[in-house]
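Quick notes on the structure that follows.
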Amino acid sequence: MKKLLVPVFLIFLFSLLIAGCRAKEDIGQKIGEKIVEGIVGNENVDIDIDDDKITVKGKDGETLTLGGIEWPDIDYIPEFKKGEIISASNDGQGNVMILFEKVAQADF
Numbered sequence: 000m001k002k003l004l005v006p007v008f009l010i011f012l013f014s015l016l017i018a019g020c021r022a023k024e025d026i027g028q029k030i031g032e033k034i035v036e037g038i039v040g041n042e043n044v045d046i047d048i049d050d051d052k053i054t055v056k057g058k059d060g061e062t063l064t065l066g067g068i069e070w071p072d073i074d075y076i077p078e079f080k081k082g083e084i085i086s087a088s089n090d091g092q093g094n095v096m097i098l099f100e101k102v103a104q105a106d107f
């Protein structure tokens, strides 16, 4: 799964560049998904690019989600309500990364 992080991150950046009108975005997402699947070179991987979020699903049930601006679907970390989420990632194995902005030191 770690081998997927670099190509997926590159495609995440690529998909952000493709954003435009809705029709172009849909075409760009499909092209981006096929490019990432080709880069990964593993037919056991399904890539879904949805707006600002990329989800990589392995055939054995592994899931990696990158991007998104909403709190991940987890119950072991209390939701931090200050600031704005600029990116949230979840690898489906308990590892989560959430990036915030507009958070003051006193908010902690």
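No gaps in the numbering here: position 26 of the sequence shown is 25 in numbering that gives the first Met the number 0, and each next residue is one more.
Using N, Cα and C, we set each Cβ at its ideal position, and we do this for glycine too.
Asp106, DSSP secondary structure in three states: The DSSP-derived three-state label of Asp106 is helix.
Straight-line gap, Asp51 to Ile97 (C-alpha atoms, nearest Å): CA-CA distance, Asp51 to Ile97, rounds to 14 Å.
Length of the line joining the Cα atoms of Ile84 and Gly57: Whole-angstrom Cα-Cα distance: 27 Å.
Spatial distance of Val95 from Lys81 (CA atoms): Taking the straight line joining both Cα atoms gives about 18 Å.
Helix, strand or coil at Gly57 according to DSSP, with G and I counted as helix: If DSSP states are grouped into helix, strand and coil, Gly57 belongs with the strands.
Closest by C-alpha distance to Pro77, when choosing among Lys29, Phe107, Gly27: Minimum Cα distance to Pro77 is reached at Phe107.
Residues bridged to Gly66 (per DSSP): Gly66 is bridged to Lys52.
As assigned by DSSP and simplified to three states, the class of Ile97: Ile97: strand per DSSP, three-state reduction.
Nearest-angstrom beta carbon gap, Ile73 and Asn89 [assumed within contact, 8 Å]: Yes, Asn89 and Ile73 are in contact; Cβ-Cβ is about 7 Å, under 8 Å.
Nearest-angstrom Cα separation, counted from Thr62 out to Val44: The alpha-carbon atoms of Val44 and Thr62 are separated by roughly 10 Å.
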